[in-house]
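Everything below concerns the one structure shown next.
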Amino acid sequence: TQSSRTADYEPPQENGVIQSTQGLYSSTSPPASDDEPFSTYFEEKVPIPEDVTQMFSFRKLWAFTGPGFLMSIAYLDPGNIESDLQSGAKAGFKLLWVLLGATIIGLLLQRLAARLGVVTGMHLAEVCNRQYPTVPRIILWLMVELAIIGSDMQEVIGCAIAFNLLSMGRIPLWGGVLITIIDTFVFLFLDKYGLRKLEAFFGLLITIMAVSFGYEYVMVRPDQGELLKGMFLPYCENCDSAQMEQAVGIVGAVIMPHNIYLHSALVKSRQIDRGNKKEVKEANKYYFIESTIALFISFLINVFVVAVFAEAFYDKTNIEVNAKCNASGSPHTDLFPLDNSTLQVDIFKGGVVLGCFFGPAALYIWAIGILAAGQSSTMTGTYSGQFVMEGFLNLRWSRFARVLLTRSIAIFPTLLVAIFQDVQHLTGMNDFLNVLQSMQLPFALIPILTFTSLTSIMDDFANGLVWKIGGGVVILVVCAINMYFVVVYVTSLNSVALYVLVALLCIAYLSFVCYLTWQCLIALGVSCLDVSCLGSRMRLTGHTDVYLLNDMDSNMMVER
1 TQSSRTADYE PPQENGVIQS TQGLYSSTSP PASDDEPFST YFEEKVPIPE
51 DVTQMFSFRK LWAFTGPGFL MSIAYLDPGN IESDLQSGAK AGFKLLWVLL
101 GATIIGLLLQ RLAARLGVVT GMHLAEVCNR QYPTVPRIIL WLMVELAIIG
151 SDMQEVIGCA IAFNLLSMGR IPLWGGVLIT IIDTFVFLFL DKYGLRKLEA
201 FFGLLITIMA VSFGYEYVMV RPDQGELLKG MFLPYCENCD SAQMEQAVGI
251 VGAVIMPHNI YLHSALVKSR QIDRGNKKEV KEANKYYFIE STIALFISFL
301 INVFVVAVFA EAFYDKTNIE VNAKCNASGS PHTDLFPLDN STLQVDIFKG
351 GVVLGCFFGP AALYIWAIGI LAAGQSSTMT GTYSGQFVME GFLNLRWSRF
401 ARVLLTRSIA IFPTLLVAIF QDVQHLTGMN DFLNVLQSMQ LPFALIPILT
451 FTSLTSIMDD FANGLVWKIG GGVVILVVCA INMYFVVVYV TSLNSVALYV
501 LVALLCIAYL SFVCYLTWQC LIALGVSCLD VSCLGSRMRL TGHTDVYLLN
551 DMDSNMMVER
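Heads up: the sequence shown at position 208 corresponds to 208 in UniProt numbering, and the numbers run straight through without jumps.
Now the structure itself:
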């Protein structure tokens, strides 16, 4: 029969390379069907109610609600909150349109990630593992791990700063780091009590952030006219280089590489018959609606933070803040020198100045919001680490062993920073971590565009011409903006030795980015780049379906 011919098909091999009618591929085999299943987060799958009579069903939307909100937490992590408050303090309301644009771009990229997971039943790290050759795959894994470590450090230290503020300095930074690590282990095993309960817990943390930062917003009462003007008028009047760099920093903070890998995995938590194109199309629709709602809420929370600092602290000088803190009896007056330079704020100083101007309640509520942001993003960051390690390394470890390993990778550098850095002087390290994550962005964006553009992987759900061109342009712009941010940071170091080191690293870095771009352009249809005589003989064109056969529903295999 046709189904037996499909299932028994084995492509010809030569020297360990699978051949097909259109290209040569790395001989990566899918997992054997008798292997023990392993999973993170997917020990149960949420059933989808059947309602064939309606074009849109709120019951179905509720069943699909969850993964998008977990994904949106990356848009609310301490790094984003710090970028928001610095944007408000440095540029007022002028850069709100950049935040809006970055969030919309983020939504479009998350759509690609969700579609890949829904259509293939595999997340991005698993697809990379099957499609890229060994050496690029290992390099890609290391780059994504670096991004996760950088994000983890910001998130854990954000929690530690919140504990420090709530305890009036009694809990040191390293103590807050240890508390965060321990409670993260506890919270991560909530899914043992049900996946929906875990998702509800994340929803609670988002609600705490919304209430905390919303309270600050109501108390400060920003100028609504200026807020709307800044949000919808794409212009930055009288902006200097510092404000333009802040605009670039907003894009880098909002669009995070590990979040693409995370979202492509989270969508696997629903019961979807991938052999039924109608169900797959419906899942894509509801996931996109859910992601839109989730990112809209995260955008509002980010706007609260920007608006509070824009209204209360834009153009404030250190001496003004010093006088106000001195009058309020704050123990942190020494943070603000007696000079007329513009106020520089971070997460810690932000809480302090709120306490100086609006009372102790504002400081404690701010700290609670930061704690919720740090705790939730630390948990989703841990999930990202597990998905990436599972996918790239094809791990068969126990759940606890994987959690322990992925946490340990981030614990040691974070603890070192917490022990040797004072809580009041972390801005420089945050700048470095933002640059680190900006550099890793191509290693998520290029693969997701590559694989969602391949008909052999996505079938009828592959990107159309508009999405291919639009996605390519968006990714090019985002990567260019982030590279500008990196260049600005490096040139500020003023060290010849560092310049030489960075130049050497850039050669290797750009070479790998060019390799991924070459593969992506072939997937986008630039056939003139598909040169069969190249020594590597590793390409992504053609019938890569052979890697997916064991993961596809039998009906879909027959049809394809």
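In this text, a Cβ means the ideal position worked out from N, Cα and C, and glycines have one as well.
{"Asked": "Alpha-carbon spacing of residue 343 relative to residue 405, whole angstroms", "Found": "40 angstroms"}
{"Asked": "Residue 317 in three-state terms, based on DSSP", "Found": "strand"}
{"Asked": "Own chain partners of residue 175 with C-beta closer than 8 angstroms, once the 5 adjacent residues on each side are dropped", "Found": "160 and 163"}
{"Asked": "Per-residue burial, residue 25 [other beta carbons within 10 Å of its own, 16 or more giving buried]", "Found": "Confidence at residue 25 is low in this model, with a pLDDT of 35, below 50, so the placement of that residue is unreliable and no value is reported for it."}
{"Asked": "Simplified DSSP state of residue 115, which is helix, strand or coil", "Found": "helix"}
{"Asked": "Beta-bridge partners of residue 46, as assigned by DSSP", "Found": "270"}
{"Asked": "Start-to-end residues for the alpha helix (DSSP H) that takes in residue 80", "Found": "78–91"}
{"Asked": "Outcome for residue 336 when other beta-carbon atoms lying within 10 angstroms are tallied against a minimum of 16", "Found": "buried"}
{"Asked": "Cα-Cα separation, residue 429 to residue 50", "Found": "50 angstroms"}
{"Asked": "Per-residue DSSP class, three states only, for residue 5", "Found": "Because the pLDDT at residue 5 is just 38, under 50, the model does not fix this residue reliably, and the point stays unresolved."}
{"Asked": "Contacts around residue 304, its chain only, beta-carbon distance under 6 angstroms, and the 5 residues preceding and following it disregarded", "Found": "213, 214 and 217"}
{"Asked": "Residue span of the alpha helix (DSSP H) that contains residue 479, given as start and end", "Found": "465–491"}
{"Asked": "Closest by C-alpha distance to residue 108, when choosing among 496, 514, 474 and 150", "Found": "474"}
{"Asked": "Rounded Cβ spacing between residue 93 and residue 310 (contact assumed at less than 8 angstroms)", "Found": "5 angstroms"}
{"Asked": "Buried or exposed by the 16-neighbour rule on C-beta atoms within 10 Å, applied to residue 207", "Found": "exposed"}
{"Asked": "Inter-residue spacing [alpha-carbon to alpha-carbon] between residue 115 and residue 168", "Found": "46 angstroms"}
{"Asked": "For residue 281, the nearest candidate out of 111, 347, 357 and 138 (CA to CA)", "Found": "111"}
{"Asked": "Coarse secondary structure for residue 65, derived from DSSP in three states", "Found": "coil"}
{"Asked": "Local Cβ density within 10 Å of residue 520, reported as buried at 16 or more and exposed below that", "Found": "buried"}
{"Asked": "4-residue-minimum alpha helix (DSSP H) runs that sit fully inside the segment 322–402, ordered along the chain", "Found": "347–358 and 360–393"}
{"Asked": "DSSP-derived helix/strand/coil call for residue 231", "Found": "helix"}
{"Asked": "Coil, strand or helix - residue 407 by DSSP", "Found": "helix"}
{"Asked": "Residue interval of the alpha helix (DSSP H) (run including residue 507)", "Found": "496–523"}
{"Asked": "Inter-stretch contact at 8 angstroms, needing at least 3 Cβ pairs: the segment 436–454 / the segment 478–490", "Found": "yes"}
{"Asked": "Proximal residues to residue 68 (C-beta, below 6 angstroms), its chain only, five neighbours per side dropped", "Found": "290, 291 and 294"}
{"Asked": "Cα-Cα separation, residue 180 to residue 275", "Found": "42 angstroms"}
{"Asked": "Every unbroken alpha helix (DSSP H) within the segment 162–240, with a cutoff of 4 residues, ordered by chain", "Found": "173–188, 195–220 and 224–232"}
{"Asked": "As assigned by DSSP and simplified to three states, the class of residue 131", "Found": "helix"}
{"Asked": "Residue 144 beta carbon less than 8 angstroms from that of residue 258", "Found": "yes"}
{"Asked": "Contact check, residue 464 vs residue 449, beta carbons under 8 angstroms", "Found": "no"}
{"Asked": "Residue 443 - DSSP class collapsed to helix/strand/coil", "Found": "helix"}
{"Asked": "Beta carbon of residue 307 nearer than 8 angstroms to that of residue 222", "Found": "yes"}
{"Asked": "Check whether residue 286 and residue 512 have beta carbons under 8 angstroms apart", "Found": "no"}
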